[in-house]
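**Q**
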Amino acid sequence: TNLHVGRLEIDVVARRLGLIVVVEVRTRGETAWTRGLGSVDWKKRERIRRAGQRLWNRRYRMDSSAERLRFDVASVVFDDTGAHVEYVPAAF
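Using this note's numbering, the first residue of the sequence shown is number 249, and each one after it goes up by one.
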């Protein structure tokens, strides 16, 4: 289940110490024209940024232990051998 922030949504929110990480998860089959990472275009990045900023303002802005916000992308590609994950921290 995704986290809804107003009309926007976030796939995964993780926290480690003072770092809040918003993760966009993209899944594709091996025959997809656009791999998961390539499918996060500027428009999608902007929606993710807005959702992350809105989340920060609502939940973490007043939390002195939350120091910064980062945006990562996880790409999961399924083929005959299983699932393959590529993870890009600070993707944008």
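Glycine is no exception: its CB is placed at the ideal position from the N, C-alpha and C atoms.
What is the rounded straight-line gap between the Cα of residue 303 and the Cα of residue 324?
**A** If you take the alpha carbons of residue 303 and residue 324, they lie about 25 Å apart.
**Q** Quick check on residue 263: does DSSP put it in helix, strand or coil?
**A** In this structure, residue 263 counts as strand in the three-state DSSP scheme.
**Q** Here's the rule: buried if 16 or more other CB atoms are within 10 angstroms of the residue's CB, otherwise exposed. What is residue 319?
**A** Per the 10 Å Cβ criterion, buried.
**Q** Is residue 315 buried or exposed, if buried means 16 or more other CB atoms sit within 10 Å of its CB?
**A** It counts as exposed.
**Q** Report yes if the CB atom of residue 269 is closer than 8 Å to the CB atom of residue 262, and no otherwise.
**A** Yes. Within cutoff.
**Q** Measuring from the CB of residue 306, is there a heavy atom of the ligand MG at a distance below 7 Å?
**A** The model depicted lacks the ligand MG and carries no ligand whatsoever.
**Q** Mind listing, in chain order, the continuous beta strand (DSSP E) runs of no fewer than 3 residues lying wholly within the region 264-325?
**A** Runs found: 267-277.
**Q** Taking the alpha-carbon of residue 271 as reference, which of 258, 292 and 285 has the nearest alpha-carbon?
**A** If we check each option's Cα against that of residue 271, 258 comes out closest.
**Q** With 16 as the cutoff for other CB atoms within 10 Å, does residue 274 come out buried or exposed?
**A** Buried.
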